[in-house]
Amino acid sequence: MNIKHFILTLILSSVISGCSSMSDYLANIVSEDREELVVYKRDKAYDETQFDLEVPPDLITPRTRDVLEIPDYASKRNIPIFTVDTNLDNLKLLRDGRDSYLFVKTSEKKLLWDRVSNFWQAEGFRLSQKDFSIGIMKTVFLENLSEAQLGTVQRIVGRYVPLLVSPDTRDSFKTRFLFRDDGVDIILTHYGKEYMSDGDVEFRWQNRPRDPEIESEMLSRLYIYLGGEEAKSKGYAVVKSSGSRNKASLNIDENGIHTLYISDIFERVWPQTIRSLETIGVTINSAKENDGVISISASEVDEENTDSFFSNLIFWKSDNSDIKFNLVMSVDKDGTLIEVQDNNYLSYTNIASEEIMRALYSDFR
32 MNIKHFILTL
42 ILSSVISGCS
52 SMSDYLANIV
62 SEDREELVVY
72 KRDKAYDETQ
82 FDLEVPPDLI
92 TPRTRDVLEI
102 PDYASKRNIP
112 IFTVDTNLDN
122 LKLLRDGRDS
132 YLFVKTSEKK
142 LLWDRVSNFW
152 QAEGFRLSQK
162 DFSIGIMKTV
172 FLENLSEAQL
182 GTVQRIVGRY
192 VPLLVSPDTR
202 DSFKTRFLFR
212 DDGVDIILTH
222 YGKEYMSDGD
232 VEFRWQNRPR
242 DPEIESEMLS
252 RLYIYLGGEE
262 AKSKGYAVVK
272 SSGSRNKASL
282 NIDENGIHTL
292 YISDIFERVW
302 PQTIRSLETI
312 GVTINSAKEN
322 DGVISISASE
332 VDEENTDSFF
342 SNLIFWKSDN
352 SDIKFNLVMS
362 VDKDGTLIEV
372 QDNNYLSYTN
382 IASEEIMRAL
392 YSDFR
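Numbering (this note's numbering), first residue to last: 32 to 396.
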């Protein structure tokens with residue numbers, strides 16, 4: 032018994048020693064779920080690093096609570112809220128395929144340079160390279176603490192015993208400034224590392240491919256950061272943000288029925304769903320946007336395309352060569368709901384439909 036007590040005491044001491052105090056450890060346990068796409072490790076709480084964009088960072092934030100601090104209050108009174116979709120005169124978020132960049136109309140290029148430097152500092156990054164003469168900033172690598180990629184068990188264990196679940200991805204960003212006569216183009220490039228096997232017996236940090244979704248997330252945050260003052264001058268409510276939540280959520284009921292909720296309007300979700308289905312290799316028999324119905328034949332998989340999402344599921348064809356079902360999309364509150372139904376428009380599930388819903392979830396997330 033004495034040995035058991037000694038081991039238990041040693042384990043508890045090791046866990047608690049990782050925090051500056053018991054209160055810090057408890058705060059970590061009860062903190063909010065880290066559902067954002069990117070949540071980077073910091074030496075202090077995230078909120079303590081954030082500037083409130085309702086006033087410029089160098090001014091004192093009023094103590095009184097203003098309606099602009101409360102999105103729900105503002106929306107009920109039809110006060111427009113500043114988002115990445117807001118059009119500004121001096122700041123543009125331009126897209127080229129899956130890539131995006133910012134154009135800032137300004138003559139104060141050094142002032143803009145300093146503001147972007149402050150942005151990275153506010154996000155918790157230290158700059159390893161900073162050269163105004165060539166227009167390049169580069170951050171150090173930070174661990175991504177996001178729980179979006181974790182399974183249920185990992186989330187629970189990581190929440191209550193964080194030392195047992197270590198992040199396996201790290202991110203860094205290069206910011207390139209292209210100086211023009213009328214302004215500056217700002218381009219972000221993501222660099223990632225992943226803790227993975229080297230093919231032998233060792234695990235080590237290795238480079239992973241550039242992630243356009245993470246680039247888009249950070250560029251959106253920079254857009255909100257730089258555009259706050261102009262948006263406020265135009266009458267928009269500027270709300271402090273710690274990053275956007277997951278865009279999609281996949282729900283599975285006790286009967287295995289999959290439903291996918293996407294927090295975006297139907298008009299944008301529809302074409303992206305079509306593109307995603309074409310990418311993952313299923314056959315679209317018909318697509319009726321007015322009805323929100325996409326008829327799919329999942330059995331018709333291109334067997335020659337080994338890169339297809341369904342290349343490992345050819346066994347569908349052995350007994351049933353005509354697996355057809357519908358994806359039914361409908362407006363749900365402020366988002367879009369996608370359900371799987373048969374030709375009688377009843378809830379339906381099989382291996383093919385489950386894999387398709389998971390693939391859509393991965394794409395929208």
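Where a beta carbon is used, it is the ideal one built from N, C-alpha and C, also for glycine.
None of the values given here were measured: they were computed from a predicted structure.
Would you say V359 touches the ligand ZN, meaning its beta carbon is less than 7 Å from a heavy atom?
As far as ligands go, the structure on display features none, and thus does not contain the ligand ZN.
Residues near Q160 by beta carbon distance below 7 Å, same chain, minus five either side
I167, M168, K169
Between the region 144–153 and the region 231–246, do at least 3 Cβ pairs fall closer than 8 Å?
no
Roughly how many angstroms lie between the CA atoms of F208 and E174, to the nearest whole one?
The C-alpha of F208 lies about 25 Å from the C-alpha of E174.
What does the Cβ neighbour count give for W236, buried or exposed, with the cut at 16 atoms within 10 Å?
exposed
Tell whether a beta-carbon distance below 8 Å holds between H221 and D199.
No, the pair does not count as a contact, with Cβ atoms beyond the cut-off.
What distance in whole Å lies between the Cβ atoms of Y292 and D363, which are believed to be in contact at a cut-off of 8 Å?
7 Å
What residue from L124, S393, R389 has the CA that sits closest to L253's CA?
L124
Secondary structure of V313, DSSP reduced to three states:
Residue state, collapsed to three classes: coil.
Roughly how many angstroms lie between the CA atoms of G266 and N118, to the nearest whole one?
12 Å
With a 10 Å radius around its C-beta and 16 neighbouring C-beta atoms as the bar for buried, classify F356 as buried or exposed.
buried
Does the separation of the CB atoms of V397 and I255 fall below 8 Å?
Past the edges of the chain, shown from 32 to 396, lies residue 397, and the structure says nothing about it.
Secondary structure at S326, three-state DSSP: helix, strand or coil?
strand
Out of curiosity, what's the CA-to-CA distance linking V188 and N238?
Confidence at V188 is low in this model, with a pLDDT of 43, below 50, so its placement is unreliable and no value can be given for it.
So L257 packs on L122, CB below 8 Å; how close in whole Å?
6 Å
Beta-carbon proximity list for F297, same chain, < 6 Å, skipping 5 on both sides:
V362, T367
Whole alpha helix (DSSP H) runs in the region 116–158 with 4 or more residues, listed along the chain?
Counting only runs of 4 or more, we get 140–153.
Measure the Cβ-Cβ separation of S307 and N316 and say whether it is below 8 Å.
no
Would S251 be called buried (16 or more neighbouring beta carbons within 10 Å of its own) or exposed?
So S251 counts as buried.
Beta bridge counterpart(s) of D363 as assigned by DSSP:
G366
Can you tell me where the alpha helix (DSSP H) with Y292 in it begins and where it stops?
Careful: Y292 lies outside any alpha helix (DSSP H), inside the beta strand (DSSP E) at 289–293.
Are F156 and K224 touching if we call contact CB-CB under 8 Å?
no
Can the beta-carbon of L281 be found closer than 8 Å to that of M388?
yes
Pick helix, strand or coil for E174, following the three-state DSSP scheme.
strand
Alpha carbon of S378 to alpha carbon of S131, nearest angstrom
38 Å
Between G259, R201, K263, which has its C-alpha nearest P240's C-alpha?
R201
Beta-carbon proximity of R396 to A279, cut-off 8 Å:
Their beta carbons are under 8 Å apart, which means R396 touches A279 by this criterion.
Three-state class that DSSP yields for D284 in the structure shown
coil
Any C-beta of chain C sitting closer than 8 Å to the C-beta of D394?
Among the protein chains of the structure shown there is no chain C, as only one such chain exists.
Candidates A318, T304, G287, of which the one nearest S393 by Cα:
T304
Leaving out five residues on either side along the sequence, give the residues of the same chain with a beta carbon under 8 Å from the beta carbon of S384.
H289, A329, F356, V371
From S326, G214, W151, D213, residue whose alpha carbon lies closest to that of T206:
W151
Other residues of its chain near G287: CB distance less than 8 Å, five sequence neighbours each side excluded:
T380, E385
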